[in-house]
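Chains as they are written, first to last, in my numbering: chain D, 74 to 859; chain Z, 4 to 222. Beta carbons: idealized from backbone N, C-alpha and C, even for Gly.
This is the structure we're talking about:
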């Protein structure tokens, strides 16, 4: 004892290698009553990493709204589980794979998908959908083209073979991600009636601990602690800590695991994710209040030179740890061998709450698992109370240089709209979505071309909606409002397609929590998210925290990405995101809570300006009103509302342009229906009588929240329906602006037109064909990728 | 008379197996699982289907390893006895790799995976799958593949046409296939393969139901 730490220099070198600090060392020695020895260093390094222990965030995560009568499983397991009724349940979770995706884009993104899928089928749910939230740097940033290409190929390269459709996604570009991209993957799994939920809590003294799946290699050793550090210029050197995935193995593993669960052959199960065998075995034992005796020399190896420490820390992919009754081992082996996989007993469950790790008969350590799982340090990093930012007291001041300066003409509006459509922020993501299989599973009712992805549930015929959230431009404006919006915007998107939002998963991507502004924005955005979740009764049931998204001292935009899941009575007649039925009347429903100069303001390098708020009691009640009203208007299966779109980046002008571009899951490329926006509608966009903003400013400002709906009902009928629905939901009616009518044929082609009127000297006509070409060409303008 | 029995063959890595199984059942036939590692008696089957996916991880070449699987011996026997056999996507690749269908499927001309709805037209072929369609009829169903570019030696292409083996063509060629070919049959006409996925176009809520025109043959 003590020989490991002869001098302070040696101790510092050791701590650096294991990415622990002096206080943590002291804490470990105190818990053990002695100096750590041998593999214990590696155990503490992995389990006390930020990635595994949540040491900077736990204190704040405790306050998360995470329960509702529908929630069957919240935090603490591999994924959350929500009851859909009718015997159907879903498990879902979103997780980050940011650092690996920057260092080695293809493998980083691929194993991100693999890891999140394992979190789902570990619970006993068959994975049925994947969604990806990606934030990239500017196209011209160093290596960015390669990173975008690699990440997209990696997601497809893994998701496509395993046979899980990618049904929605969100992709953002900003300079704050130039050297630290975000790659968050969400997976959704389905339990059909009668299928059981499996947990990771080990039980039953004498039961076997069984290792299943791929063999262990050297990849990913120290991965968890790598992911918990800021980046420097030496990030390239971290390549050996990146895991390598094999989707073929994962596909076999899914089938084998679901089969042993169906035959009820396992007591508990957990995947070997971050910190591999260490975290899975220690967490399973700790949760069960039992110990394991593990023979590390029985772990199937890809490389016989691996040391016990390597085996404990390896993050080789496609591996599972199970607790199995001895009498059922033969049947488990049979199922795995049918699928060509190993299942090997490597130890057993013991009554004493001690992990005994053995190597060829030699005892490496005997340690209480809770020391690693429950006694990690918990830091209360300093933060400041949030103050609303960039607010103006007069809505007329929410303007952008891009739309002002006295050059307001129809031509200027047209130029602005076209440049928005072709900017990296506004251009088509078809390059990305085309590379993902969006339809395997034969359940996809709305794919990546729609603003909400949807699946048909086979047993009940109902629709399951999946959508991602978090608009980085809102986070850069104000972390609390941005956090609220990260839940509210996707919830409104779901409601506008007739889905009831049930629950939320989040991936809290932030910079270095040891920096005051970063920690302050973390606390503020959680507060905003929490407030909206509570109001909408949509709890946060799973997720992860990714800190240290900091490279060479620069922190990313605080980015709490979300995934929201909703339910709809059927998949028939889900409103399309583009105009789809000629002659329908187009309405703008408005709940005027918050407005800002948005992405356009950022591109013009304007001072950001915002008016209103999203987190006051009044604003929260309006949010609830929006969600309740919209869902009731769009959940029928007769197609009363044919199209809907929530107004987002680049404001109403951009939303209307996108609605002219049909391209839905099967819309074809040639189509597209125009719209002629009435003069009265344009003057009706002002927020109040005192609002002095001109038409261009109103068309491009980003307002929370506005939704465009196309309905077969005329104004009188539609307005009385909205009023009736609001009464039924016991909420206030929204303001309704009549915009025009779907289809606007002029000079032999479909046009998006804005009639001349106050502030617009002549009618503006833009051919839909031109909108489409501009929207599609934008990608090629930014990247050479085809 | 009971329902027609249709065998659905699963290889490790097949991922459209359950989708095809359900489509067959919805078409009024009885779907029966067949496992790659087992031989089977083809005589009890009205038809056999090889679904899409990534058999053996697409390692070596798409379909190359599956073409040598034990179950393929029974598929060969069935083929020579005239049993209708259909390969979808990876199943098409397997049938080409096993020599039961002419030509080969190579990497898409853009070198990327493509997921998209495509327009097809029936060009000919004697297969019972989609037999109700007339030559020139159009259907719209999705593709999802990285290795879908059909290739065949120029001199054999003429033979393919002369022998009425070109079954389906793309209206707007997505992957660089020679002569816009999306599906072919063997010389006898009982073995057919196509890259698009008819089981993914089975209900209007999926975006269209033209896939039924190819698979609903047992009523």
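Item                                                                                                                               : Value
Anticipated Cβ contact below 8 Å, residue 262 of chain D with residue 193 of chain D, distance rounded                             : 4 Å
8 Å contact criterion, which residue 858 of chain D and residue 218 of chain D should meet: CB distance rounded                    : 6 Å
Test: residue 509 of chain D CB closer than 8 Å to a CB of chain Z                                                                 : yes
Where residue 74 of chain D sits in the DSSP three-state scheme                                                                    : At residue 74 of chain D the pLDDT is 43, less than 50, meaning the model places this residue with poor confidence; the figure from the coordinates comes in the next sentence. DSSP places residue 74 of chain D in coil when its eight states are reduced to three.
Pairwise C-alpha distance: residue 329 of chain D and residue 415 of chain D                                                       : 10 Å
Distance, residue 661 of chain D Cα to residue 269 of chain D Cα                                                                   : 45 Å
4 or more residues per run - each alpha helix (DSSP H) lying fully within the segment 75-108 of chain D                            : 81-90, 95-105
Closest residue to residue 95 of chain D among D:111, D:118, D:112 (Cα-Cα distance)                                                : D:118
Beta-carbon proximity list for residue 852 of chain D, same chain, < 7 Å, skipping 5 on both sides                                 : 500, 501, 504
Sub-8 Å separation of residue 813 of chain D and residue 719 of chain D beta-carbons                                               : no
The segment 313-322 of chain D in contact with the segment 279-293 of chain D per 3-pair CB rule at 8 Å                            : yes
Beta-carbon separation (whole angstroms), residue 303 of chain D vs residue 585 of chain D, contact threshold 8 Å                  : 6 Å
Contact set between residue 368 of chain D and chain Z, taken where Cβ atoms lie within less than 9 Å                              : Residues of chain Z passing the Cβ test: none, with the nearest at roughly 29 Å.
Integer-rounded CB distance, given that residue 631 of chain D should sit under 8 Å from residue 572 of chain D                    : 27 Å between Cβ atoms; not a contact.
Which of helix, strand or coil DSSP assigns to residue 737 of chain D                                                              : Reliability fails at residue 737 of chain D, whose pLDDT of 48 lies under 50, so the model's placement of it is uncertain and the value that follows must be treated cautiously. In this structure, residue 737 of chain D counts as coil in the three-state DSSP scheme.
Nearest to residue 339 of chain D (by Cα), restricted to the options D:295, D:701, D:399                                           : D:399
Close-in-space but distant-in-sequence residues of the same chain around residue 581 of chain D (CB under 6 Å, 5 per side omitted) : 618, 633
Buried/exposed call for residue 248 of chain D, threshold 16 Cβ in 10 Å                                                            : exposed
Cutoff 6 Å; reference residue 468 of chain D; Cβ partners in own chain excluding five residues on either side                      : 684, 760, 764
Within-8 Å CB hit, residue 141 of chain Z to chain D                                                                               : no
Supposed contact pair residue 118 of chain Z and residue 509 of chain D - C-beta distance, whole angstroms, cut 8 Å                : 6 Å
Proximity test, Cβ basis, 8 Å: residue 474 of chain D and chain Z                                                                  : no
Simplified DSSP state of residue 838 of chain D, which is helix, strand or coil                                                    : strand
DSSP beta-bridge partners of residue 39 of chain Z                                                                                 : Per DSSP, none; premise fails for residue 39 of chain Z.
Short Cβ contact (8 Å threshold) for residue 688 of chain D with residue 752 of chain D                                            : no
Rounded C-alpha distance that separates residue 41 of chain Z from residue 601 of chain D                                          : 58 Å
Length of the line joining the Cα atoms of residue 737 of chain D and residue 745 of chain D                                       : Note that residue 737 of chain D scores a pLDDT of 48, beneath 50, so its modelled location is shaky and nothing firm can be said.
Start-end ranges of the alpha helix (DSSP H) lying completely within the segment 466-515 of chain D, minimum 4 residues            : 483-495, 503-506
Residue 386 of chain D in three-state terms, based on DSSP                                                                         : helix
With 16 other Cβ atoms within 10 Å as the buried cut-off, status of residue 455 of chain D                                         : exposed
Residue-level contact to chain D via CB, residue 203 of chain Z, 8 Å cutoff                                                        : yes
Same chain, Cβ closer than 7 Å to residue 712 of chain D, neighbours up to 5 away in sequence not counted                          : 646
Alpha carbon of residue 74 of chain D to alpha carbon of residue 423 of chain D, nearest angstrom                                  : Bear in mind that the predicted position of residue 74 of chain D carries a pLDDT of just 43, short of 50, making it unreliable; the figure below should be weighed with that in mind. In a straight line, the C-alpha of residue 74 of chain D is about 27 Å away from that of residue 423 of chain D.
Other residues of its chain near residue 470 of chain D: CB distance less than 8 Å, five sequence neighbours each side excluded    : 682, 684
Nearest neighbour of residue 109 of chain Z, chosen from Z:91, Z:149, Z:123, Z:125 [CA to CA]                                      : Z:149
Assigned secondary structure, residue 686 of chain D (DSSP; H/G/I helix, E/B strand, else coil)                                    : coil
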